[in-house]
Amino acid sequence: MTTVYLGLGSNLGDRRANLEAALRELEIHPSIHVEAVSRFIETEPVGGPPGQGPFLNGATRIETALAPEALLSELKRIERSLGRAEGPRWGPRPIDLDILLYADAVLETDTLTIPHPRLRRRRFVLEPLAEIAPTARDPMTGLSVRDLLARLQSEP
1 MTTVYLGLGS
11 NLGDRRANLE
21 AALRELEIHP
31 SIHVEAVSRF
41 IETEPVGGPP
51 GQGPFLNGAT
61 RIETALAPEA
71 LLSELKRIER
81 SLGRAEGPRW
91 GPRPIDLDIL
101 LYADAVLETD
111 TLTIPHPRLR
121 RRRFVLEPLA
131 EIAPTARDPM
141 TGLSVRDLLA
151 RLQSEP
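Numbering of the sequence shown is given in UniProt numbering, commencing with residue 1 and proceeding in unit increments.
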């Protein structure tokens with residue numbers, strides 16, 4: 001089993017219920033075990049079309065036997081099952097599931113980049129991740145999640 005950190009977000013419908021439903025879907029998969037879940041924090045949207053509502057964001061640590069691409073496929077299946085449709089980039093959505101860190105893997109394919117390419121620049125990702133994994137390391141920089149968050153908070 002491999003330790004993986006996922007980001008979760010929702011800004012449509014009952015956001016908390018959407019996040020909890022996604023966590024239940026993860027937990028019932030035979031090759032995924034949810035180990036820890038952060039608190040959910042409310043944040044304003046970053047980018048995307050104007051006028052969308054705030055997001056509820058969180059992070060989870062899972063153990064999985066799925067390879068990165070297979071895990072991504074499962075996350076996309078869960079998103080579709082919870083009502084996510086294709087829309088504008090960074091647009092409103094009932095659920096968003098992202099692979100943030102997959103053990104110490106560094107991977108770039110046409111469909112998947114690990115670690116998540118904007119991990120180091122997003123407070124709404126780092127804050128919940130730091131709650132459950134402050135010492136997890138970004139394999140690109142070697143910095144801990146706690147250090148990445150501190151650097152981000154110290155920027156003007």
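No residue lacks a Cβ here, since even glycine has one placed at the ideal position from N, Cα and C.
ask   = Between the region 95 to 103 and the region 8 to 17, do at least 3 Cβ pairs fall closer than 8 Å?
value = The region 95 to 103 makes contact with the region 8 to 17; the number of CB pairs closer than 8 Å reaches 3 or more.
Cα-Cα separation, R16 to T141 = Stepping through the sequence shown from its first residue, residue 16 is reached at position 16. Stepping through the sequence shown from its first residue, residue 141 is reached at position 141. Our two residues, R16 and T141, have alpha carbons roughly 33 Å apart in a direct line.
ask   = Which word fits D138, buried or exposed, when buried means at least 16 other C-beta atoms lie within 10 angstroms of its C-beta?
value = Your numbering for residue 138 matches position 138 in the sequence shown. D138 comes out buried.
message = Report the start-end ranges of each beta strand (DSSP E) in the region 32 to 65 that is 3 residues or longer and not cut off at the edges.
response = Scanning the region 32 to 65 for uninterrupted beta strand (DSSP E) segments of 3 residues or longer gives 32 to 37, 41 to 43 and 55 to 64, listed from N- to C-terminal end.
task = Could you tell me the boundaries of the beta strand (DSSP E) in which L97 lies?
result = Your numbering for residue 97 matches position 97 in the sequence shown. D96 to Y102 is the extent of the beta strand (DSSP E) around L97.
key: Alpha-carbon to alpha-carbon, K76 and L101   = Looking up residue 101 in the sequence shown gives position 101. Looking up residue 76 in the sequence shown gives position 76. Spanning the two alpha carbons is a distance of roughly 17 Å.
request  = Since I believe E74 is in contact with E35 (beta carbons under 8 Å), could you give me their beta-carbon distance rounded to a whole number of angstroms?
outcome  = Looking up residue 35 in the sequence shown gives position 35. Looking up residue 74 in the sequence shown gives position 74. The pair is not a contact, with the Cβ atoms about 16 Å apart (cut-off 8 Å).
query = Among the residues of its own chain, which have a CB less than 7 Å from the CB of A65, if the five just before and after it don't count?
reply = Position 65 of the sequence shown holds residue 65. Excluding sequence positions up to five before and after A65, its CB lies within less than 7 Å of the CB of M1 and S31, all in the same chain and listed in chain order.
Local conformation of L143 per DSSP, three classes = Locating residue 143 in the sequence shown gives position 143, counting from the first residue. Reduced to three states, the DSSP call for L143 is coil.
message = Buried or exposed, going by whether 16 or more other CB atoms sit within 10 Å of the CB of A150?
response = Working through the sequence shown from its first residue, we reach residue 150 at position 150. With fewer than 16 Cβ atoms within 10 Å of its Cβ, A150 is classed as exposed.
ask   = For P68 versus L23, is the C-beta spacing smaller than 8 Å?
value = Looking up residue 68 in the sequence shown gives position 68. Looking up residue 23 in the sequence shown gives position 23. Contact flag unset, no.
query = Buried or exposed: R61, going by 16 or more other Cβ atoms within 10 Å of its Cβ?
reply = Taking the sequence shown and counting its residues from 1, the one referred to as residue 61 is at position 61. So R61 counts as buried.
query = Helix, strand or coil: how does DSSP classify E131 here?
reply = Indexing the sequence shown from 1 puts residue 131 at position 131. E131 falls in the helix class under three-state DSSP.
ask   = L23 lies in the alpha helix (DSSP H); which residues open and close that run?
value = Here residue 23 corresponds to residue number 23 of the sequence shown, with the count starting at 1. First-last of the alpha helix (DSSP H) with L23: R15 to I28.
task = Could you spell out the range, first to last residue, of the alpha helix (DSSP H) harbouring L71?
result = Counted from its first residue, the sequence shown places residue 71 at position 71. Run containing L71: P68 to S81, per the alpha helix (DSSP H) assignment.
query = From I78, E131 and I41, pick the residue whose C-alpha is nearest to that of L26; which is it?
reply = The residue you call residue 26 lines up with position 26 of the sequence shown. Ranking I78, E131 and I41 by Cα distance to L26 puts I78 first.
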